[in-house]
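Novice: Pasting a structure below so you can have a look.
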Amino acid sequence: MSGSPILNNNVNPWKLCTVTQVEEVKLIVRIFPIWLSTIVYGLMITQAATFFIQQASTMDRNVGSLFIFPSGSLLAFSSAGILICLPIYARVLIPCARWFTGYERGLTMLQRLGAGFFLSILCMVTAALVERRRLEIAEEYGLLDDPTATVPMSVFWLVPQYFIFGMSDVFALVGEQEFFYDQVPDSMRSLGMALFLCGNGLASYLGNAVISIVGVVTSRGNNTGWIANNLNRSHLDYFYWLLAVILAVNFVVYLFLCRCYIYKSVVH
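The numbering of the sequence shown is the working numbering, which starts it at 1 and goes up by one.
Have a look at this one:
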């Protein structure tokens with residue numbers, strides 16, 4: 001590609017390119033693998049609005065004797081994670097990182113994104129452990145074949161995974177937006193936000209595909225499968241462990257990509 005640029009503008013643009021055009025293409029090519037890794041990260045995000053809430057609907061949601069906590073309202077704890085993590089990030093982590101690295105922002109964009117990726121693994125591991133405990137209690141009380149029964153386990157056991165989910169967003173989603181906006185060519189700023197939004201959309205499709213594949217594969221031979229209508233007979237814990245492994249592999253690949261990535265030169 002480096003041999004393609006020309007300085008003469010009196011040529012067919014479909015055959016030869018200017019130096020600027022070639023450099024812009026190089027920037028997009030460098031960004032593309034990072035963008036793919038953010039799509040895999042989105043697998044965690046899709047769980048917070050689906051299976052996490054379904055788990056909550058099977059658990060004890062009573063707060064005292066007069067109030068039943070809505071399942072969907074658990075997302076508020078992810079917002080709480082964001083609100084608590086942001087000031088700690090700005091007032092504690094960034095100054096410490098700035099002192100340690102000598103970098104003005106404390107963390108580079110890719111480091112911030114990587115921290116979010118790591119927290120996504122921790123979120124799925126936490127979710128798997130909590131679900132394992134929920135299934136054990138359901139079996140202990142003989143509720144495995146009663147999908148409408150309330151498992152005598154407080155819904156607030158799900159708070160840690162929602163909280164970590166919110167912390168992950170502080171690093172990953174904000175870092176992702178900053179990275180795409182900063183690293184795309186100057187003449188294509190709008191492309192950065194387009195990549196961010198497109199990645200989120202594709203993550204939803206990827207999540208649906210993974211759920212479908214896992215459902216088909218694990219239900220062969222008249223087995224209940226990991227994902228069934230009766231969550232007490234399902235194995236969401238296995239599914240969460242699978243997602244944790246996928247996210248861990250994605251994180252390792254991402255670390256390799258970071259070592260190879262060359263930031264865009266900024267002209268002052």
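Virtual Cβ for every residue (Gly too), placed ideally from N, Cα, C. This one's a predicted model, so the numbers in the text were calculated from it and none came from an experiment.
1. Can you look up residue 152 in the DSSP assignment and give me helix, strand or coil?
2. Would you decide whether residue 105 is buried or exposed? Buried here means 16 or more other CB atoms lie within 10 Å of its CB.
3. Who are the Cβ neighbours of residue 230 in its own chain at under 7 Å, not counting the five residues just before and after it?
4. Residue 303 to residue 222, Cα distance in whole Å?
5. Could you give the distance in angstroms between the alpha-carbon of residue 241 and the alpha-carbon of residue 18?
6. For residue 134, is the classification buried or exposed, using 16 other Cβ atoms within 10 angstroms of its Cβ as the cut-off for buried?
7. Closest by CA to residue 22, which one among 98, 99, 39 and 185?
8. Give me, in chain order, the residues of the same chain whose beta-carbon lies closer than 7 Å to that of residue 63; leave out the 5 immediate sequence neighbours on both sides.
9. So, are the CB atoms of residue 42 and residue 255 less than 8 Å apart?
10. Cutting at 6 Å between CB atoms, please list the residues of its own chain near residue 275, excluding the five before and the five after it.
11. Going by DSSP, what residue range makes up the alpha helix (DSSP H) through residue 57?
12. In angstroms with no decimal places, state the Cα-to-Cα distance between residue 25 and residue 188.
13. Put residue 63 into one of helix, strand or coil per three-state DSSP.
14. Cα separation between residue 182 and residue 143?
15. Let me confirm a value: residue 51 is counted as buried when at least 16 other C-beta atoms fall within 10 Å, else exposed. Which label applies?
16. Can you tell me whether residue 203 is buried or exposed, with buried defined as 16 or more other CB within 10 angstroms of its CB?
17. Which residues in the same chain have their Cβ closer than 7 Å to the Cβ of residue 170, if we skip the five residues on either side of it in sequence?
18. Are residue 137 and residue 125 close, meaning C-beta to C-beta below 8 Å?
19. Going along the chain, which unbroken runs of the alpha helix (DSSP H) with 4 or more residues stay wholly within the segment 163-205?
20. For residue 224, name the three-state secondary structure that DSSP assigns.
Specialist: Answer, in terms of the structure:
1. strand
2. exposed
3. 147
4. This structure cannot speak to residue 303, because the chain is shown only from 1 to 268.
5. 49 Å
6. buried
7. 185
8. 69
9. no
10. Lying before the first or after the last residue shown, residue 275 is absent from the chain, which here runs from 1 to 268.
11. 51-57
12. 11 Å
13. strand
14. 53 Å
15. buried
16. buried
17. 82, 85, 86 and 89
18. no
19. none
20. coil
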